[in-house]
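Position 6 of the sequence shown, counted from 1, bears residue number 9 in the numbering used here, the numbering being contiguous throughout.
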Amino acid sequence: MTARYEGHAEWYDDYIGTSAADNVDAIVQLLGPGKGLCLDVGCGTGLYLDALRSTGRTVVGLDRAADQLRLARRRDRAPLLQGDATTLPFAAGTFGTVAALWVSTDVGDFAGLLREAARVLLPGGSLLFYGVHPCFNGPHIEPREDGAMVIHPTYRIKGWHDRAPWWRPGGVRDRVGMSQVPLPDLINAFIDAGLSIDRVYEPREHPIPYVLAVKASRRNDNHRPAQPG
4 MTARYEGHAE
14 WYDDYIGTSA
24 ADNVDAIVQL
34 LGPGKGLCLD
44 VGCGTGLYLD
54 ALRSTGRTVV
64 GLDRAADQLR
74 LARRRDRAPL
84 LQGDATTLPF
94 AAGTFGTVAA
104 LWVSTDVGDF
114 AGLLREAARV
124 LLPGGSLLFY
134 GVHPCFNGPH
144 IEPREDGAMV
154 IHPTYRIKGW
164 HDRAPWWRPG
174 GVRDRVGMSQ
184 VPLPDLINAF
194 IDAGLSIDRV
204 YEPREHPIPY
214 VLAVKASRRN
224 DNHRPAQPG
């Protein structure tokens, strides 16, 4: 299946570039200083590679879309690989850190992505999720000009939404769609993957938060996660 972002690289980079810069300080602060290998899973055009490196880590990027990686290679010197986030091409315990930035709305299997992220983390390794707040940013949300939001009764419809009538014409979601992961499913995906949730944040102090961040760590192998049921 063709990656959804294939063919949108130049447009996406121009459209998202400025807003991506607005998130850098929060991501760097939440991640904190570190060392060793860091995987930027779903790195896109590489907008956050340099920010991740600034924490002291050695960054490796992965994305499914070759078109996105083409621009990332122009932007950054980091090793970049094309691959599926739900079947990562790395051995278990390769990375001390995984950064999963803005990925929950762009993959069909967020739980599978976290299982793979946990697998490639070293025991005790850290994962930072920074992305869409599923309660206030999704296919069920219609923004109003006064800053308020209308919540439509589609919050619990999981999975891919190709289009919503209130999405901005020609915007990212209008072009590629959006996956909805309700909040319990998002949090339980961490638990089921064997990750311990350390802290949860709503960064950037917006009156209605559209960003959710989760810091988690890989539990030791002798503490197996409960199976979902």
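All residues carry an ideal CB built from backbone N, CA and C; glycine is no exception.
Quiz item: With a CB to CB cut of under 6 angstroms and the five nearest residues on each side skipped, what residues in its chain are close to S129?
Solution: T100 and S220
Exercise. Inspect the CB distances between the segment 70-81 and the segment 91-105 and report whether three or more fall short of 8 angstroms.
Key: no
Practice problem: Return the first residue and the last residue of the alpha helix (DSSP H) that E145 is part of. | Solution: Careful: E145 lies outside any alpha helix (DSSP H), inside the beta strand (DSSP E) at I144 to P146.
Exercise. Can you tell me the Cβ-Cβ gap for L104 and G134, rounded? I've got them flagged as a contact below 8 angstroms.
Key: 6 angstroms
Exercise. Entirely within the segment 156-231 and at least 4 residues each: give me those alpha helix (DSSP H) ranges in chain order.
Key: 175-179 and 186-195
Quiz item: Hey, G111 and W170: beta-carbon distance below 9 angstroms or not?
Solution: no
Self-check item: Cutoff 7 angstroms; reference D16; Cβ partners in own chain excluding five residues on either side
Solution: T48 and L74
Exercise. Select from R202, C41, V184 and L65 the residue whose C-alpha is nearest the C-alpha of S114.
Key: For the record, residue 114 in the displayed sequence is Ala; it is not Ser. Closest by alpha carbon: V184.
Quiz item: Is L104 near the ligand FMN, with its Cβ less than 8 angstroms from a heavy atom?
Solution: The model depicted lacks the ligand FMN and carries no ligand whatsoever.
Quiz prompt | Cutoff 9 angstroms: A94 Cβ touching any chain C Cβ | solution = Reference to chain C is not applicable here, since this structure consists of a single protein chain.
Quiz prompt | Spatial neighbours of A12 in its chain, beta-carbon cut-off 8 angstroms, leaving aside the 5 residues before and after | solution = T48, A68, D70, Q71, R73 and L74
Quiz item: Considering only residues of the same chain and omitting the five flanking positions on each side of Y213, which have a CB-CB separation below 8 angstroms?
Solution: V135, H136, F139 and N140
Quiz item: Identify the residues that DSSP records as bridge partners of Q85: which are they?
Solution: D66
Exercise. Output the distance between the C-alpha atoms of E9 and A102, rounded to the nearest integer angstrom.
Key: 22 angstroms
Self-check item: Which listed residue (G39, D195 and Q32) has its alpha carbon closest to that of A121
Solution: D195
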